[in-house]
Amino acid sequence: MLHERNISDFEGKKEEAKKWANERYKNWHDRLLTATEKNEIKEYMNNKGMAQQVNHDLEDTRGNINEDNKYKETIEKIDKGLKKEKTDQLMYVYQRVSEQFFGLTEGALRTGININREEFGVFKKNFIQNQVFLKENGYIEASLSGESSNLAQEPSIYMKLKVPAGTHGGYTGGFQGSEGGTHDYLLDRGYGLQFTDAKIITQKGKEYIKIEAKLLTKEELDRRVEEYSEELNSLLEYDVVTIEEHPLVNLKFNGRYPIESFEKSKSIIEAMKKVPTDFLDLLNLRSMDLTEEANIQIIDDYINGDKTLGGLHLGSGSHTTYVSLRAAKNPAFTALHEIGHALDDMIFDVISEKEELTQLFNQESINFAEDWYGRENQTEYFAECFALYYYPHQIVNNELKRRAPQTYEFISNLKDHLPLIKLKKDTRSANCLNLGLEFNFYNSLCNIYEVK
């Protein structure tokens, strides 16, 4: 055992780890755990099929298990049991995982008994050099020693995980039967993993990838996602949005791969840069009047559990605008569509229901396919045409111009329809000429003049 600055590390020392753990976790086993909690943890550790399904369901629901899920009670009992114990010092645990753990095809990194160097190079660039982290919505099964009685059958990746003090988890070696396998330590769900290094090693004549990783607390995960939000808003602030006191965009990521969601979100920001600064600033000002939250919420889960809903703008209350990266087939286009709804609702006084657009809807919506979403009604027509106009691909813009030339012209002149907006709060940041607009406040009544 390594005794350096109160670090526990039993790599390659299974019997020593077992002796230490039986003593260290005796109170948890014998006194803290109820019989039901102990039985549920035993079942989880010994029934691989059940454990896989539990973790699948937890990931699918982003940790918010459905009331009718058959394993809901099991999960609640395991949660309670693991919350009764936590690490009292920094320690290392070990995992044996396949390529599927990283979203790859099983065996993708291996050629026979050897690791494919070319594939390993790509893997190292994608996950190590890019400082990727992931979130485990399920439980983390690990080993105190990393030893395996059947090493030849173990998957390609051997992970050394640094676990900080205060982490909920416990030794389960005494609970396991023949199906227990290599892992003898169970960590609570909801933690993250940050990958810091990877190298090829040889164990008993067969090559494996050894990864160095550290466990991230839930607070650290939230902080990483907040940093992503700040980065996206900084891109907007530099090119488009000039109001610094209130972010326009916020990210809510609870899925396994936050970096993938972040990259998808960048495409939304690039699309938003095509929308006039004036519109986004006004939307942000109006949003400040209603809530402290950002108006545009980009999430990596379903909206209200609806698997078919790619986006949603609330027409009342906070008037929040949601984009689901999980459900939207084209998140950037969906975002523009919902921003169209938001502007229609919050800035243009529901211009989609005014006579001019009603006429355009009646005249030009029929030029699109019968199943085109914009033919649903004139509100959807406005939002869909808004997205077609501002989508950052000329071929899409030209499609609107070809099928609905008058609507195309109408959207190009939307600035002419900016109304008088009454705000509850004055804001100094609005009184700036680099918006392309001038804001004059009189008792919170905002008169808007276009600057020539």
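Per UniProt numbering, the very first residue in the sequence shown carries number 1; after that it's consecutive. C-beta atoms are modelled at their ideal positions from N, C-alpha and C, and glycine is treated no differently.
Here's a check: name, in chain order, each residue in its chain whose Cβ is nearer than 6 Å to the Cβ of residue i, leaving out the five neighbours to either side.
| i | result |
| --- | --- |
| residue 427 | Note on residue 427: pLDDT 47, under 50, position unreliable in the model; no value is reported. |
| residue 11 | 146 |
| residue 313 | 321, 338, 341, 342 |
| residue 28 | 85, 170 |
| residue 54 | 71 |
| residue 113 | 206 |
| residue 274 | 390, 392 |
| residue 180 | Residue confidence is low: residue 180 scores 47 on pLDDT, short of 50, so the model does not pin down where it sits. No coordinate-derived value is stated. |
| residue 233 | 247, 249 |
| residue 51 | 44 |
| residue 383 | 337, 340, 341 |
Which residue from the options puts its Cα closest to that of residue i?
| i | options | result |
| --- | --- | --- |
| residue 369 | 347, 399, 357, 216 | 399 |
| residue 13 | 247, 218, 148, 268 | 148 |
| residue 331 | 346, 301, 275, 267 | 267 |
| residue 265 | 283, 246, 298 | 298 |
| residue 156 | 173, 115, 130, 122 | 115 |
| residue 253 | 411, 134, 391 | 134 |
| residue 463 | 363, 103, 42, 346 | For residue 463 there is no data in the structure shown, the boundaries of the chain being 1 and 452. |
| residue 132 | 25, 196, 353 | 196 |
Buried or exposed: residue i, going by 16 or more other Cβ atoms within 10 Å of its Cβ?
| i | result |
| --- | --- |
| residue 56 | exposed |
| residue 337 | buried |
| residue 221 | buried |
| residue 431 | Confidence at residue 431 is low in this model, with a pLDDT of 39, below 50, so the placement of that residue should be treated as unreliable; the coordinate-derived value is given next. Flag for residue 431 reads exposed. |
| residue 350 | exposed |
| residue 393 | exposed |
| residue 316 | exposed |
| residue 300 | buried |
| residue 152 | exposed |
| residue 136 | buried |
| residue 225 | buried |
| residue 17 | buried |
| residue 163 | buried |
| residue 19 | exposed |
At a threshold of 6 Å, does residue i count as lining the ligand FMN (C-beta to nearest heavy atom)?
| i | result |
| --- | --- |
| residue 413 | Judged by which ligands are present, the structure shown has none, so any question about the ligand FMN falls away. |
Using C-beta distances below 7 Å, list every residue in its chain close to residue i, excluding the 5 sequence neighbours before and after it, in chain order.
| i | result |
| --- | --- |
| residue 142 | 93, 94, 95, 161, 183, 185, 187 |
| residue 105 | 99 |
| residue 365 | 374, 375, 381 |
| residue 236 | 248, 249, 269, 272 |
| residue 230 | none |
Just to confirm, is the Cβ distance from residue i to residue j under 7 Å?
| i | j | result |
| --- | --- | --- |
| residue 248 | residue 294 | yes |
| residue 63 | residue 190 | yes |
| residue 40 | residue 72 | no |
| residue 470 | residue 385 | Because the chain is modelled from 1 through 452, residue 470 falls outside the range shown and cannot be assessed. |
| residue 128 | residue 213 | no |
| residue 367 | residue 403 | yes |
| residue 417 | residue 348 | yes |
| residue 318 | residue 283 | no |
| residue 138 | residue 59 | yes |
| residue 262 | residue 228 | yes |
Ordered along the chain, which non-local residues of its own chain (more than five positions away) have a Cβ less than 8 Å from that of residue i?
| i | result |
| --- | --- |
| residue 493 | The structure shown has nothing for residue 493, since the chain only spans 1 to 452. |
| residue 311 | 303, 321, 322, 323, 324, 328, 334, 335, 337, 338 |
| residue 119 | 108, 109 |
| residue 83 | 168, 188 |
| residue 208 | 115, 154, 156, 157, 158, 200, 201, 202 |
Extract the residue ranges of the beta strand (DSSP E) inside the region 250-298, only unbroken runs of 3 or more that lie entirely within it.
Correct list: empty.
Considering only residues of the region 13-100, which uninterrupted beta strand (DSSP E) runs meet the minimum length of 3 residues and lie entirely inside it, listed in chain order?
The qualifying runs are 90-97.
Ordered list of beta strand (DSSP E) runs contained in the region 106-157, each at least 3 residues:
With a minimum length of 3 residues, the continuous beta strand (DSSP E) runs that stay inside the region 106-157 are 133-135, 140-142.
Mind pulling the beta strand (DSSP E) runs of 3 or more residues that sit fully within the region 174-239?
As for any beta strand (DSSP E) of minimum length 3 sitting wholly inside the region 174-239, the runs are 185-187, 192-203, 206-216, ordered along the chain.
Starting from the N-terminal side, write out each stretch of the alpha helix (DSSP H) that is 4 residues or longer and does not extend beyond the region 305-382.
The qualifying runs are 331-346, 355-364.
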